[in-house]
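These notes are about the structure you will find just below.
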Amino acid sequence: MSKKHKVSNEVVEEAMKMAKATQKPAQTKEQTKLIAQGIQKGIEEYKKRQKQKARALDKEKNKLQKKVEKVIQSDDDSASIKTEVLIRQSKLAWVLLGVSWLGFIVYIMQAGII
1434 MSKKHKVSNE VVEEAMKMAK ATQKPAQTKE QTKLIAQGIQ KGIEEYKKRQ KQKARALDKE
1494 KNKLQKKVEK VIQSDDDSAS IKTEVLIRQS KLAWVLLGVS WLGFIVYIMQ AGII
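As structure tokens, this is what we get:
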């Protein structure tokens, strides 16, 4: 099994398009090919780094998820209190929204816009 990764045709074509787009009039085909290879390596390196970042984020996400599950299991009583607080906050938000709309309607009527 070789350790060299096979390059997708899409990456090769994309690199060649970029190299041809930046090609100068006196540039040879060989020079363009070398530029395309450099672009291709850059694309491969970028994809490799993105995969590493995604793996690291997934690992961190899994760790956080496990911590949350442990906290939920150990604090069933506190979870019900948190839910109650969230419900109260939600009601407060709706009341404030209604009051603001009511104030807006009164303002429009006073200004004579409607």
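In terms of my numbering, the sequence shown opens at residue 1434 and continues consecutively.
Don't be surprised by glycine CBs; every beta carbon is placed ideally from N, CA and C.
Given the structure is predicted, the values throughout are model-derived calculations rather than measurements.
Can you list the alpha helix (DSSP H) stretches of 4 or more residues lying completely in the stretch 1437-1499, in chain order? The stretch 1437-1499 is shown to contain whole alpha helix (DSSP H) runs of 4 or more residues at 1442-1454, in chain order.
A1469 and A1489: beta carbons closer than 8 Å? No; because the gap between Cβ atoms is not below 8 Å, this pair is not in contact.
Assigned exposure category for Q1498 - 16 Cβ within 10 Å defines buried: When all chains shown are included, Q1498 counts as exposed.
Residues near K1450 in its chain [Cβ-Cβ closer than 7 Å; skip 5 each side]: Listed in chain order, the non-local C-beta contacts of K1450 below 7 Å within the same chain number zero, local neighbours out to five positions each way being set aside.
Leaving aside the five residues before and after Q1456 along the sequence, list all residues of the same chain whose C-beta is less than 7 Å from its C-beta, in chain order. If you ignore the 5 residues before and after Q1456, its C-beta comes within less than 7 Å of the C-beta of T1465, all in its own chain and listed in chain order.
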